[in-house]
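Worksheet: one structure, shown below.
See below:
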């Protein structure tokens with residue numbers, strides 16, 4: 001049987017991924033084109049307070065890499081202080097926004113869809 005030349009793994013170098021403006025800063029998104037991976041992986045630099053929003057289909061998991069001293073998340077009507085090393089799972093329907101400056105990894109399932117961002 002001939003050896004396959006197609007790789008079975010995928011690599012993302014976030015230093016080579018173009019940043020996309022988002023409502024709270026800049027997102028670098030990876031693996032949207034990988035059929036075997038059911039989600040997307042983002043590194044997002046949040047430079048300003050985001051608008052309160054929710055998703056009808058997406059579940060987001062934030063892992064905080066860096067946070068300003070007053071960084072927090074609004075989750076529905078609660079304000080949660082956050083710091084580097086924390087993680088939050090945000091299921092569909094939970095209204096949320098980042099407050100303050102931070103850098104996060106965001107794991108999104110299913111794949112990120114910019115049409116699934118809803119404001120009240």
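In full-length UniProt numbering, the protein residues as written are 1 to 120. Beta carbons: idealized from backbone N, C-alpha and C, even for Gly. All values reported here derive from a predicted model rather than from experimental measurement.
Check, Outcome
"Distance, residue 12 Cα to residue 19 Cα", "13 angstroms"
"Extent of the continuous beta strand (DSSP E) run through residue 109", "102–109"
"Beta-carbon separation (whole angstroms), residue 24 vs residue 48, contact threshold 8 angstroms", "6 angstroms"
"Boundaries of the beta strand (DSSP E) in which residue 43 is found, first to last residue", "40–46"
"Cβ neighbour criterion (16 or more within 10 Å) applied to residue 62", "buried"
"Straight-line Cα distance separating residue 118 from residue 36", "28 angstroms"
"C-alpha distance - residue 73 paired with residue 81, whole-angstrom precision", "6 angstroms"
"Collapsed DSSP secondary structure at residue 16 in the structure displayed", "helix"
"Boundaries (first-last residue) of the beta strand (DSSP E) holding residue 62", "59–67"
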